[in-house]
Each structure stands twice: as C-alpha cells, then as structure tokens.
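J.:
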Amino acid sequence: MTANMMRAMALRAPGEPLLLEERPLPRPKTAEILIRVRACGVCRTDLHLADGDLPGARYPVVPGHQIVGEIREVGPGLGAGLVGARVGVTWLASACGSCSYCAEGRENLCDAARFTGCDVDGGFADHVIARADFCQAIPPGLDEVEAAPLLCAGAIGRRTLRLAGEGARRVGLYGFGAAAHLVAQMALAEGREVYAFSREGDEAAQDLARSLGAAWAGASTEEPPLKLDAALVFAPVGELVPKALGDLAKGGIVVCGGIHMSDIPGFPYRLLWEERQIRSVANLTRADAREVLDLAARTDLRPRVARYALEDANRALDDLRRGRLDGAAVLEIAPGAP
C-alpha cells in the first residue's frame, strides 16, 4: 500500500459484513486534522449501526467512535506544532455551537450534532479525519488501547452515574459489559455499593464484577439482596426497565444509558409510584470525555480489553453480539501502519 492510501473496514449496508477497503488518504480541511489511528474501541452502538437499529444513519460508513491516534496533518487555520500529538475522538463529531442546548453546555442534545462513525467516517480504519476542536488530548502515560474505551464506554458511563445522583449509595448495573465494568470502578472509588446484573448463565461477567469489588452479582432475572437507590441500564433490553424499577427503593431512579433499546413493555403503576423515576442519557459532551480521561490519569481506572486486528472487526462485533466479551473490545492498529 502506498503512502497516499489508507485501509478502512466499511459498512456498505445494514446487515452486511464490514469489508476491508483501500482508499485514497483524505486531506484535512479548515479546522480539521488527519489522525493516524492507533486504537479504536468497538461499541455496542457500532453493533446497532451494523444491524440497522439507528434511524437516519449514513451508509456506506466506516464505524468506530472511540478513537486514539496521533495527528499526522492539520488543515488550514491550525498550527503545524500539533502534528505528532496524541488525541482521542468521541461519538460527538461536531455541534452547531450556537443553539440553546450548546449555549447551556448540553451540546449532546444539539439538533445539528453529527456523530463519528455514523454521520461521518470513523475509526475502523488506519486514518480518520476529525474536527480539531472536538478532539481530546490523551494524557501522557495512558496506554492507547486502554484509553480508547474511555472515550465512549467510560464517558457515557460517567454521565449515567452522575444522573443517578450523589445520594445513590446502592447502584445496580444491568448489562455488565464495556460501560458497566468502568462504572463499577468509578462507583466503588466514590464509596458506593455495586450490584451487577448480567445475562443468565454469564458467570464470566459476574466473576469480573466480583473481582472489581461488587457487593453482589447475579442474573438480570434475580432480585438483589437489598433494594437499590439507582439502577443503571446498559443492556439494550426494554424488559429490564420494569425489572429495574421493581428492584428500587422508594425515591430511586432508573437511568437508561444506551443509544438504542428495545421497546419498554407496559408495567403497573405501583412500580413507578413512591417517587421513582426513569431517565435516559443521550450521547455525550466534550466535557464528559475530558472528565473521564482526567480521572483515568489520576487514578487506577482502566478497562479490561480484548484486542483485535483491524481486519478482524467483524469477529469483534460478533463476539460483542454473542456476549463473548468480558470488558471492552478494541481494534489495535499496528504501530507500523503507514
């Protein structure tokens, strides 16, 4: 492959496998940078994109929105001194910057927001274009592969935990995957108790939760030994919402942390009564990403990762779909890639 070409795993249409393509290397435009990708996390949102669960998604597209790499080239208006710096790219590719949501620091709700690996090509590739002002500096000493899941699983998880409120001492995590195993570490560091729920029979996920310090781990069909103050639902299963409501103490809250979920079935009012709440998390902000990267730089917050080559992206997605992962999947781009 010549120096002016790149490799990418492209999704031509929902339901089809990703295809390895060679493409001309793009050039950054004004305020953009060209990043040589070193690692890209594989998110459940990528799986939803591949399965056609995200209305309005662009096809063909290169998935991937948990990107860590180094700046190779800058566009007009940016200083050449940025070249070589390590940066991260998140799900939020851009926002308008002028609407009421952006003005209030809620750029995650901007109507004009665009998303990496969905509206614009993402990091299942050895190079990617990104808006410089929507990238994050990767702290020195933070491993690139370990940093990648922090940019979505960690940031969304942090936002979800924050919406549970500081007073939530007993926190249930429903779907113990990439986000939940990071949230567990954050919650435990804050002195909270963690109760982990996984698919029935998923002993590996339950063992991981216990190894991280969870007070209890079991199947999502089981009841926790104590009523919870908050239930954070990361599994895309709507049936878990009434179940989580039933696991709550009075005044508790259910926070749904995924971008897609199957329909929530009807449930009796008594589950919501006594001032229980249901909330959702939509996307993330740049501040969310900065917060979790800073936290990882100051603490032992680290994901458990399974590493895959770029050309094995379909296998990584299938392992995620079938629940064969403990922690997060990451595509590791060879350091010697052009």
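Residue numbers (the working numbering): 851 to 1188.
Ideal Cβ placement from N, Cα and C applies to all residues, glycine included.
Fair warning: this is a prediction, and the values are worked out from it, not measured in the lab.
#1: Could you tell me which residues DSSP pairs with Gln-1127 in its beta bridges?
#2: Hey, quick one: how far does the beta strand (DSSP E) through Gly-1096 stretch, first residue to last?
#3: Who are Thr-966's beta bridge partners in DSSP?
#4: Within 10 angstroms of its Cβ, does Glu-1043 collect 16 or more other Cβ (buried), or is it exposed?
#5: Under 8 Å between the Cβ atoms of Gly-1027 and Leu-869?
#6: Would you please state the rounded distance, in angstroms, between the beta carbons of Leu-959 and Tyr-951? I believe it to be under 8 Å.
#7: Can you give the Cα-Cα distance for Arg-1008 and Arg-857, rounded to whole angstroms?
#8: Compare the beta carbon distance of Glu-872 and Met-859 with 8 Å and say whether it is the shorter of the two.
#9: Suppose you measure from the CA of Pro-1188 to the CA of Ala-1139; what does that come to, to the nearest Å?
#10: At what residue ranges does the stretch 1020-1051 contain a whole run of the alpha helix (DSSP H), taking only runs of 4 or more?
#11: Is the number of C-beta pairs between the stretch 1100-1119 and the stretch 984-995 that are closer than 8 Å three or more?
#12: Please work out which residues of its chain come closer than 6 Å, Cβ to Cβ, to Ala-1067, disregarding the five sequence neighbours upstream and downstream, and give them in chain order.
#13: Which of the three DSSP states is assigned to Val-995 in this structure?
#14: Can you tell me whether Tyr-1158 is helix, strand or coil according to DSSP?
#15: Counting C-beta neighbours from all protein chains within 10 Å, is the total for Gly-934 16 or more, i.e. buried, or is it exposed?
#16: Given that a residue counts as buried once 16 or more other Cβ atoms are within 10 Å of its Cβ, and exposed if not, what is Cys-890?
#17: Determine the DSSP secondary structure at Val-933, reduced to helix, strand or coil.
#18: Just to confirm before moving on: does the CB-CB distance between Pro-864 and Asp-896 stay below 8 Å?
#19: Is it the case that the Cβ atoms of Phe-974 and Leu-1181 are separated by a distance below 8 Å?
#20: How close, in whole Å, do the beta carbons of Ala-1029 and Ala-997 come, if the pair is a contact with beta carbons under 8 Å?
#21: Assuming Ala-927 contacts Thr-880 (C-beta within less than 8 Å), just tell me the rounded distance between them.
#22: Helix, strand or coil for Ile-1114 per DSSP?
#23: For the structure I just gave you, are there three or more beta carbon pairs, one from the stretch 1122-1137 and one from the stretch 1152-1164, closer than 8 Å?
#24: Am I right that Phe-965 and Tyr-1024 are in contact with their C-beta atoms under 8 Å? What's the rounded C-beta distance?
#25: Using the DSSP secondary-structure output, state which residues sit across from Gly-947 in a beta bridge.
#26: Do Asp-1079 and Gly-1017 have their C-beta atoms within less than 8 Å of each other?
#27: Look at the Cβ atom of Leu-932, then the Cβ atom of His-1110, and state whether they are nearer than 8 Å.
#28: So Leu-884 packs on Arg-936, CB below 8 Å; how close in whole Å?
#29: From the DSSP output, in three-state form, read off Gly-1120 for me.
#30: What first and last residue would you give for the beta strand (DSSP E) that runs through Val-1142?
#31: Quick check on the DSSP output: the beta strand (DSSP E) that includes Glu-871 runs from which residue to which?
T.: Walking through what the data contain:
#1: The residue given as residue 1127 occupies position 277 in the sequence shown. Ile-1103, per the DSSP bridge assignment.
#2: Numbered from 1 along the sequence shown, position 246 holds the residue referred to as residue 1096. Looking at the DSSP string, Gly-1096 is not in any beta strand (DSSP E); the run it does join, the alpha helix (DSSP H), is 1090-1096.
#3: Mapped onto the sequence shown, residue 966 falls at position 116. Answer is Val-970, bridged to Thr-966.
#4: Here residue 1043 corresponds to residue number 193 of the sequence shown, with the count starting at 1. Looking at its Cβ environment, which holds 16 or more other Cβ atoms inside 10 Å, Glu-1043 is buried.
#5: Start at 1 with the first residue of the sequence shown, and residue 1027 comes out as number 177. Start at 1 with the first residue of the sequence shown, and residue 869 comes out as number 19. For Gly-1027 and Leu-869, no; Cβs fall outside 8 Å.
#6: The sequence position of residue 959 within the sequence shown is 109, counting from 1. The sequence position of residue 951 within the sequence shown is 101, counting from 1. Contact flag correct, Cβ pair sits at about 4 Å.
#7: For this step, residue 1008 is matched to residue 158 along the sequence shown. For this step, residue 857 is matched to residue 7 along the sequence shown. Using only the alpha carbons, I get a separation of about 32 Å.
#8: The residue given as residue 872 occupies position 22 in the sequence shown. The residue given as residue 859 occupies position 9 in the sequence shown. No, the pair does not count as a contact, with Cβ atoms beyond the cut-off.
#9: Taking the sequence shown and counting its residues from 1, one reaches residue 1188 at position 338. Taking the sequence shown and counting its residues from 1, one reaches residue 1139 at position 289. Note that Pro-1188 scores 48 on pLDDT, short of 50, meaning its location in the model is unreliable; the coordinates nonetheless yield the value given after this. Straight-line Cα distance between these residues: approximately 28 Å.
#10: 1028-1039
#11: no
#12: Here residue 1067 corresponds to residue number 217 of the sequence shown, with the count starting at 1. Within the same chain, Ala-1067 has close Cβ partners Ala-1046, Gln-1056, Ala-1059, Arg-1060.
#13: Here residue 995 refers to the residue found at position 145 when the sequence shown is read from its first residue. Here Val-995 sits in helix by DSSP.
#14: Counting from one through the sequence shown, the residue named residue 1158 turns up at place 308. Strand at Tyr-1158.
#15: Taking the sequence shown and counting its residues from 1, one reaches residue 934 at position 84. By the 10 Å Cβ count, Gly-934 comes out exposed.
#16: Here residue 890 refers to the residue found at position 40 of the sequence shown. Classification of Cys-890: buried, given that the 10 Å Cβ count is 16 or more.
#17: To locate residue 933, count along the sequence shown from 1; it is residue 83. Note: Val-933 maps to coil in three-state DSSP.
#18: Here residue 864 refers to the residue found at position 14 of the sequence shown. Here residue 896 refers to the residue found at position 46 of the sequence shown. No, Cβ-Cβ distance for Pro-864 and Asp-896 is not below 8 Å.
#19: Here residue 974 corresponds to residue number 124 of the sequence shown, with the count starting at 1. Here residue 1181 corresponds to residue number 331 of the sequence shown, with the count starting at 1. Taking 8 Å as the Cβ cut-off, Phe-974 and Leu-1181 qualify as a contacting pair.
#20: Position 179 of the sequence shown, counted from the start, is the residue given in the question as residue 1029. Position 147 of the sequence shown, counted from the start, is the residue given in the question as residue 997. Not quite, the Cβ-Cβ distance comes to about 15 Å (not below 8 Å), so this is no contact.
#21: The residue given as residue 927 occupies position 77 in the sequence shown. The residue given as residue 880 occupies position 30 in the sequence shown. Reading off the sequence shown, one finds Gly at residue 927, where the question assumed Ala. Sure, about 5 Å apart at Cβ, within 8 Å.
#22: Translated into the one-based positions of the sequence shown, residue 1114 becomes position 264. DSSP places Ile-1114 in coil when its eight states are reduced to three.
#23: no
#24: Position 115 of the sequence shown, counting from 1, holds the residue named residue 965. Position 174 of the sequence shown, counting from 1, holds the residue named residue 1024. Between Tyr-1024 and Phe-965 the Cβ distance is about 24 Å, and since that is not below 8 Å, they are no contact.
#25: As a first step, residue 947 must be located in the sequence shown, where it is residue number 97. None; Gly-947 has no bridge partner.
#26: Counting from 1 along the sequence shown, the entry for residue 1079 is found at position 229. Counting from 1 along the sequence shown, the entry for residue 1017 is found at position 167. Yes. Within cutoff.
#27: Indexing the sequence shown from 1 puts residue 932 at position 82. Indexing the sequence shown from 1 puts residue 1110 at position 260. Result no, Cβ atoms of Leu-932 and His-1110 do not sit closer than 8 Å.
#28: Counting from one through the sequence shown, the residue named residue 884 turns up at place 34. Counting from one through the sequence shown, the residue named residue 936 turns up at place 86. Not a contact, Cβ separation roughly 14 Å.
#29: For the purposes of this step, residue 1120 is taken as the residue at position 270 of the sequence shown. One detail in the question is off: residue 1120 reads as Arg in this sequence, not Gly. DSSP places Arg-1120 in helix when its eight states are reduced to three.
#30: Sequence index remark: in the sequence shown, residue 1142 carries index 292 (1-based). That residue, Val-1142, is in no beta strand (DSSP E); its alpha helix (DSSP H) goes 1136-1148.
#31: Numbered from 1 along the sequence shown, position 21 holds the residue referred to as residue 871. It spans 869-874 - the beta strand (DSSP E) in which Glu-871 sits, taken as one unbroken run.
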